[in-house]
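Enquirer:
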């Protein structure tokens, strides 16, 4: 079956630090990959996505590259802000699946 | 404004007292889902619906029921809630297209004592 593994949190960084949140996946087909963000007290919002190998998704300074050879989709940002404090979820959907499969989430706290 | 709404946002109840959490979307989406979020477990799908009168079990359906009589609404029913159903619940919807964005509601915090 499909599965998504994210790095354990929580992650605490200082403002302007570099961020990496690791995500690896197992899928039977050729999935589409997503990063969702959940701000405190809110539902999840789509942050970025990539639908095929070597695609790079980007939004709000965040990037992630679909690496088929390493089955990874790591989230990166060059300079985080306090407002980036949130929980980040990696997710996948392959062609045969009806819905998304989520990782366990990574809590990010950015200190001023 | 395109949105998914849930009610109530917070609910405290007792074991065995039937409850319903409502979910409504205004985007004419075919797919709707219910998830529960628990610490360290991420989001787990409870039930989903591909269209009116079409529903199916997700990963953790035990103790829950759903119905889809109208396209916009997808209520979650707990016939006899138990403490292990204490959780944060999210409703979500999307179009029928394969990689379309999933829109989430704001969540319902349920506590069963």
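Protein chains in written order, with the working numbering: chain R, 868 to 979; chain X, 13 to 125. Glycine included, each C-beta is placed from N, C-alpha and C at the ideal position.
First and last residue of the beta strand (DSSP E) that includes residue 894(R)?
Expert: Residue 894(R) -> no beta strand (DSSP E), and no H or E assigned at all.
Enquirer: Just tell me which of 14(X), 16(X), 83(X) and 32(X) has its CA closest to the CA of residue 91(X).
Expert: Ranking the options by Cα distance to residue 91(X), first place goes to 32(X).
Enquirer: Where does residue 15(X) sit, in a helix, a strand or coil, going by DSSP?
Expert: The answer is coil: DSSP assigns residue 15(X) none of H, G, I, E or B.
Enquirer: Please look up how many angstroms separate the CB atoms of residue 55(X) and residue 901(R), rounded, as I've assumed it's under 8 Å.
Expert: Their Cβ separation, rounded to whole angstroms, is 12 Å, which puts residue 55(X) and residue 901(R) out of contact at 8 Å.
Enquirer: Checking contacts by CB at 8 Å: is residue 37(X) closer than that to chain R?
Expert: No - not a single Cβ of chain R is within 8 Å of the one on residue 37(X).
Enquirer: List the residues that DSSP assigns as beta-bridge partners of residue 9(X).
Expert: Residue 9(X) is absent from the model: chain X starts at 13 and stops at 125.
Enquirer: Can you name the residues of chain R whose CB is closer than 9 Å to the CB of residue 86(X)?
Expert: What residue 86(X) touches in chain R: nothing, since even the nearest Cβ is about 13 Å away.
Enquirer: Using the three-state DSSP reduction, which class does residue 889(R) fall into: helix, strand or coil?
Expert: Three-state DSSP puts residue 889(R) in coil, outside helix and strand.
Enquirer: Suppose the cutoff is 8 Å on Cβ atoms and the five residues either side in sequence are ignored; what does the same chain contact list for residue 958(R) look like?
Expert: Result list for residue 958(R): 871, 900, 901, 902, 903, 967, 968, 969 and 970, in chain order.
Enquirer: Quick check: the segment 33–40 of chain X against the segment 902–918 of chain R, are there 3 or more CB pairs under 8 Å?
Expert: Taking 8 Å as the limit for Cβ pairs, the verdict is that the segment 902–918 of chain R does not touch the segment 33–40 of chain X.
Enquirer: Taking only beta-carbon atoms, is residue 972(R) less than 8 Å away from chain X?
Expert: Yes, its Cβ sits closer than 8 Å to a Cβ of chain X.
Enquirer: Kindly list, in the order they appear in chain R, the residues whose Cβ is closer than 8 Å to that of residue 70(X).
Expert: Ordered by position in chain R, the residues that pass the 8 Å Cβ test against residue 70(X) are 966.
Enquirer: Please determine, among 105(X), 94(X) and 100(X), the residue with the shortest C-alpha to C-alpha distance to residue 124(X).
Expert: Looking at the Cα atoms, 94(X) is the closest of the given residues.
Enquirer: Report yes or no: do three or more beta-carbon pairs, one from the segment 934–954 of chain R and one from the segment 875–893 of chain R, lie closer than 8 Å?
Expert: Taking 8 Å as the limit for Cβ pairs, the verdict is that the segment 875–893 of chain R does touch the segment 934–954 of chain R.
Enquirer: How many Å lie between residue 934(R) and residue 940(R) at the Cα?
Expert: Rounded to the nearest angstrom, the two C-alpha atoms are 6 Å apart.
Enquirer: Check the Cβ-Cβ distances between residue 909(R) and every residue of chain X, and say whether any is below 8 Å.
Expert: Yes - at least one Cβ of chain X is within 8 Å of the one on residue 909(R).
Enquirer: So that I know if they touch, is there some Cβ in chain X lying closer than 8 Å to that of residue 969(R)?
Expert: Chain X contact via Cβ: present.
Enquirer: Per DSSP, what kind of secondary structure is residue 50(X) in: helix, strand or coil?
Expert: Looking at residue 50(X) - three-state DSSP - the assignment turns out to be strand.
Enquirer: Could you please tell me which residues of the segment 945–959 of chain R, in chain order, have their CB closer than 7 Å to any CB of chain X?
Expert: Per Cβ criterion, the list reads 956.
Enquirer: Residue 816(R) CB to nearest chain X CB: under 8 Å?
Expert: Since the displayed chain R opens at 868 and closes at 979, residue 816(R) lies outside it and no answer follows.
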